[in-house]
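Written out below as structure tokens is the structure these notes cover.
Numbering (this note's numbering), first residue to last: 16 to 310.
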């Protein structure tokens, strides 16, 4: 159990895809409140400085460690050489910060950032050729990452070609499990009408990074009814943190599964919320206490 480390994503303070959410919150406030809430690790957000010396010093002052940073893959719309070049630069940056994981998803045909497309009705599906392109690209970049001591953990995500259980099943069959792992996200499974507890058990041996995110079921029902986009669902408040009484997911069962399977790595609290409606420090602290007790 002591191999499980608890981190948090900066999306609680400023949203990467909707930077107007939390635009008033500074980088310094974000990482100070992460530390104040009790976390020892974090993922990298849009406001984090790119100067390694500045970033390292700022994190060290607060005893915070970087565990991951999202990378957007574009295998379906860009050349492999271009994606690889950007990926290697990304790897070098996070390796210098001590990260052991790189997450992300294929964005070439994603609708997750398009507010004009319903996230459930407009999600893409990969053609057989796109499956081959994505899988072969990930296998190659997974080898590159492992050579640098970093595990490529693919994030199943709403509005993308790997969202449902059937798509995750095919994804895991297509990629080489020596080089590509899964970034499990409880909230995205629940949002896509899958059972996050059942899938934690099903995929436990494939998972090397975990996002703990909850969903407000009444708002999810509205998302379905009104065919909202992913970003409009976020604005409506579909996500919340574990430990919030408005949430829907049984995190005790999920964490028990990973503990019994001797999971070693980061569990990262994550919830895209409007900081004006969900004060970041309050929600971060609430979730830290809740998840820490479960761990």
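Ideal Cβ placement from N, Cα and C applies to all residues, glycine included.
With respect to residue 275, residue 309 sits apart: the two C-beta atoms are not nearer than 8 Å. Judged by their CB atoms, residue 83 and residue 55 are not nearer to each other than the 8 Å cut-off. Judged by beta-carbon spacing, residue 224 lies within the 8 Å limit of residue 281, meaning their Cβ atoms are closer than that value. Closest option to residue 294, judged by alpha-carbon separation, among 74, 194, 37: 37.
Nearest to residue 170 by C-alpha distance, out of 219, 57, 86, 71, is 86.
Annotation: residue 196 is outside any alpha helix (DSSP H); the continuous beta strand (DSSP E) that includes it extends over 195-200. Residue 58 carries a strand assignment under DSSP once its states are collapsed to helix, strand and coil. Beta-bridge pairing by DSSP links residue 121 to 88. With a contact defined as Cβ atoms closer than 8 Å, residue 154 and residue 195 qualify at about 6 Å. Beta-bridge partners of residue 281 (DSSP): 20. Residue 168 sits in a strand when the DSSP states are folded into three classes.
With a cutoff of 8 Å on beta-carbon distance, residue 251 and residue 26 are scored as not near each other. According to the DSSP assignment, residue 187 belongs to the alpha helix (DSSP H) that extends over 180-189. For residue 250, the uninterrupted alpha helix (DSSP H) run begins and ends at 245-251, by DSSP.
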